[in-house]
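Down below is the structure, laid out as structure tokens.
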Amino acid sequence: MKKGIHPENYRMVAFKDMSNDDVFLTRSTVNTKETLDVDGVEYPLVKLEISRTSHPFYTGKTKLIDTAGRIDKFKTKYAKFKK
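Per UniProt numbering, residue 1 is the first one in the sequence shown, and the count goes up by one each step.
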């Protein structure tokens, strides 16, 4: 491996899935201002909208998350083409 091209600030970081509150720890170089206490240890926190515990591909469940009403807008817009 070439020297000096890889980041050296790898550390344990908590990633939290905001849709189901699942938290997992992994090593990362991501910069974050928030922290989370996990088992008495404070870790930098990264918030995720979706992760392996909530994504339909991994869970096998279809879950509809519509925060902006996009689906309703789509249905309204294309209702005139419905047969």
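Each residue gets a CB set at the ideal place from its N, CA and C atoms; glycine is no exception. Only a predicted model underlies this, so the values are computations on that prediction, with no experimental measurement involved.
Y43 is not a Cβ neighbour of R27, given a cutoff of 7 Å. Between V23 and the set D72, L48, K82 and K80, the nearest pair of CA atoms involves L48. Listed in chain order, the non-local C-beta contacts of T35 below 7 Å within the same chain comprise E42, Y43, P44 and L45, local neighbours out to five positions each way being set aside. Per DSSP, the unbroken beta strand (DSSP E) holding F24 starts and ends at D22 to S28.
The shortest C-alpha to C-alpha distance from V38 to any of V30, V13 and K73 is the one to V13.
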